[in-house]
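If you count the sequence shown from 1, position 101 lands on 106 in this note's numbering, and the numbers rise without skipping. Yeah, the Cβ is synthetic: ideal placement off N, Cα and C, and Gly gets one too. Just so you know, these numbers come straight off a predicted model, no measurement behind them.
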Amino acid sequence: MPDKLNLFQKIVDVKKNIEGFTKDAKGYNYDYVEGSQILYKIRPKMEEHGLLIYPSVTAYETRETKNNKGKTEHIVSMNMEYHIIDSNTKEDYIVQFAAFGQQQDIAQAYGTALTYAERYFLLKLLNIPTDEDDPDAKQKKTRI
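Structure follows, in structure tokens:
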């Protein structure tokens with residue numbers, strides 16, 4: 006591997022060193038990959054290359070709705086930018102993203118939106134399959 010990788014080559018190297026994820030958590034009748042699993046697997050290569058990722062909310066909107074039990078819930082919609090920074094060269098790549106959350110407590114709605122956005126941003130940035138997304142997993146199921 007060359008000594009001087011640019012930001013995108015470093016992202017590719019992070020991607021090459023990650024296998025798929027197993028959906029290890031359940032909530033609201035859905036299985037999903039916990040954010041901590043993603044961060045745990047990508048952190049060593051990110052640190053090796055001096056890569057930083059941070060979110061920036063550029064606009065947000067909140068509204069209220071009633072759930073099926075008649076309780077008020079807050080819906081949060083955010084426009085975001087994820088900055089991917091090479092700390093060695095100061096190169097900054099910005100990716101537009103969106104986040105949505107809904108909870109009875111407005112702070113939790115914001116937290117939900119940010120947590121989901123981070124999880125799916127990282128999965129999509131690195132094109133990492135989760136169980137059902139993995140084409141190899143689908144092939145194995147059809148052969149059995």
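- Within 10 angstroms of the beta-carbon of L57 lie fewer than 16 other beta-carbons, which makes it exposed.
- About 7 Å separates the CB atoms of M83 and A103; that is less than 8 Å, so the two are in contact.
- Two segments are said to touch when three or more pairs of C-beta atoms, one from each, lie closer than 8 Å; by this definition the segment 43 to 54 does not touch the segment 65 to 73.
- Going by C-alpha positions, M85 is about 13 Å away from Y125.
- DSSP assignment within the segment 88 to 116 yields the following whole beta strand (DSSP E) runs of 3 residues or more, N-terminal first: 97 to 108.
- Taken through DSSP and simplified to helix, strand or coil, K71 comes out as strand.
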